[in-house]
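Protein chains: 2
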Amino acid sequence: MKEETIIKNISKHISLDEEEKKYFLSILHYKKLEKGEILLKYGEISKSQFFVIDGCLRNYSIDEQGKEHVIAFACKDWWISDLYSYITETPAEHTIDALVPAEVFEIMKWDMEKVFERIPKFERFFRILFQNSMVNQMRRIRQVMSVPAEERYKVFIKQYPDIYLNIPLKHIASYLGISPEFLSKIRSKIAHD
Amino acid sequence: MKEETIIKNISKHISLDEEEKKYFLSILHYKKLEKGEILLKYGEISKSQFFVIDGCLRNYSIDEQGKEHVIAFACKDWWISDLYSYITETPAEHTIDALVPAEVFEIMKWDMEKVFERIPKFERFFRILFQNSMVNQMRRIRQVMSVPAEERYKVFIKQYPDIYLNIPLKHIASYLGISPEFLSKIRSKIAHD
DNA sequence: CGCGACGTTGATTTGCCTCAACGATTGTGG
DNA sequence: CCACAATCGTTGAGGCAAATCAACGTCGCG
Chain A
1 MKEETIIKNI
11 SKHISLDEEE
21 KKYFLSILHY
31 KKLEKGEILL
41 KYGEISKSQF
51 FVIDGCLRNY
61 SIDEQGKEHV
71 IAFACKDWWI
81 SDLYSYITET
91 PAEHTIDALV
101 PAEVFEIMKW
111 DMEKVFERIP
121 KFERFFRILF
131 QNSMVNQMRR
141 IRQVMSVPAE
151 ERYKVFIKQY
161 PDIYLNIPLK
171 HIASYLGISP
181 EFLSKIRSKI
191 AHD
Chain B
194 MKEETIIKNI
204 SKHISLDEEE
214 KKYFLSILHY
224 KKLEKGEILL
234 KYGEISKSQF
244 FVIDGCLRNY
254 SIDEQGKEHV
264 IAFACKDWWI
274 SDLYSYITET
284 PAEHTIDALV
294 PAEVFEIMKW
304 DMEKVFERIP
314 KFERFFRILF
324 QNSMVNQMRR
334 IRQVMSVPAE
344 ERYKVFIKQY
354 PDIYLNIPLK
364 HIASYLGISP
374 EFLSKIRSKI
384 AHD
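Here is the structure:
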């Protein structure tokens, strides 16, 4: 059940009674996405956050030379948004789309703020969620700067065993901060063992 | 006044009445640090978070080859900790020390949890704090991967105008993810304009 | 004063990029 | 359903940004 997935995710950090669950579920918008469908486009103002029920999304930016940079993947049971646009209500610097057919819950900012008012425990939930994300971000920064590409790819495989074969190699290369050609060479090098 | 600094920082996102302020101030531990003094050492379990009143701290890790990697600087009016160790109560992978004489407030985890219980608004404060930090972390990842070192250094100067001349160059190089020699070359190249 | 940490500079090396060409696979319109 | 285009992954040649190594001048400090 889709609703159970998100309740379970939240229950990792806070506990909700029946009424709170019901209220929270009432603000969710279920969305089914085709492969390639866009959830948030560069330049739009992000008015919502997403929870991934199934499938896999990506968050990427485009630099001055038109090159894509994958900032994050979000698979089953992850949260994703363009936080900066969401917070400041300025045009998004990123685009979010579906790499494979996916299902998400959308939560509008307006509703989210009401949730925070009505069930302050949710402040705690997101405090912990962001806190944990910070740890991962720092890990990633450390990695990009100190670990050679081949190692980073191996770590990636362990971290995303479900997707590393199903999505285009170039997105993985972009996420790792290397060119698709070079990742291809790494792959064939690893295969020779 | 030291206490005013931190209250002002918190008041950016939530408002506190006199009693709440008093209670919060009562759990702070003021610490004066000499240059080079260590706040958290690799391998210890982090039991607190810090707010920097004055001076400048750094958070760094050491890789298998013994090389230091500066993950973050924290100057006046910033928060710093080893979040992972703090959350999971496992040995820290990072070390935090003072680059120049500094003053901080320490908040013990135990007290922090009581604050969250007694003044739930603080959940909100830290939720927003981490949310904003996430945005910065993502920016940094994007930068490291898509912007050449010289540009990154120029951005750094703008971001940390107070410290970029006062602290050893090698720490800045480490933060930027380049070698000290290369940063030195960048500096002299910039000077030639 | 002399020692150690630091910043600079040059020579050489390397990890990764760019460009280009080529099969393989996927997708699409007629 | 096929034909053709587009996208994708692979491989090789050549180039560049940044690392490494080494030598040297400088400064703060015991």
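Protein chains in written order, with this note's numbering: chain A, 1 to 193; chain B, 194 to 386.
Glycine residues also receive a C-beta, built at the ideal position from the N, C-alpha and C atoms.
The structure presented is a predicted model; accordingly, all values stated were derived computationally and were not measured.
{"query": "Within the same chain, show all residues whose beta-carbon is closer than 6 Å to that of residue 293(B), passing over the 5 residues directly before and after it, in chain order.", "result": "228, 248 and 249"}
{"query": "Please report the straight-line C-alpha distance between residue 132(A) and residue 200(B), rounded to a whole angstrom.", "result": "25 Å"}
{"query": "Can you tell me which of 269(B), 383(B) and 264(B) puts its alpha carbon nearest to the alpha carbon of residue 342(B)?", "result": "383(B)"}
{"query": "Measuring only the C-alpha atoms, how far is residue 129(A) from residue 96(A)?", "result": "20 Å"}
{"query": "I'd like to know if residue 276(B) contacts chain A, where contact means its C-beta is closer than 7 Å to some C-beta of that chain.", "result": "yes"}
{"query": "Using a Cβ-Cβ cut-off of less than 7 Å, list which residues of the stretch 136-153 of chain A approach chain B; keep chain order.", "result": "137, 138, 140, 141, 142, 144, 145 and 146"}
{"query": "Helix, strand or coil for residue 271(B), going by three-state DSSP, please let me know.", "result": "coil"}
{"query": "Measuring alpha carbon to alpha carbon, tell me which residue in 53(A), 125(A) and 98(A) is nearest residue 70(A).", "result": "98(A)"}
{"query": "Please confirm whether residue 2(A) and residue 53(A) have their CB atoms less than 7 Å apart.", "result": "yes"}
{"query": "Hey, how far is the Cα of residue 232(B) from the Cα of residue 93(A)?", "result": "37 Å"}
{"query": "Who pairs with residue 284(B) in a beta bridge, going by DSSP?", "result": "238(B)"}
{"query": "Should residue 174(A) and residue 64(A) be called a contact, given that it needs their Cβ atoms to be closer than 7 Å?", "result": "no"}
{"query": "Is residue 117(A) helix, strand or coil by DSSP?", "result": "helix"}
{"query": "Residue 97(A) by DSSP, collapsed to three states: which one?", "result": "strand"}
{"query": "Which residues in chain A sit within 7 Å of residue 370(B), going by Cβ to Cβ distance?", "result": "145"}
{"query": "Quick one: which residues of the stretch 60-83 of chain A get their C-beta closer than 8 Å to a C-beta of chain B? List them in chain order.", "result": "61, 63, 67, 69, 71, 72 and 83"}
{"query": "Can you check whether the C-beta of residue 324(B) is within less than 7 Å of a C-beta belonging to chain A?", "result": "yes"}
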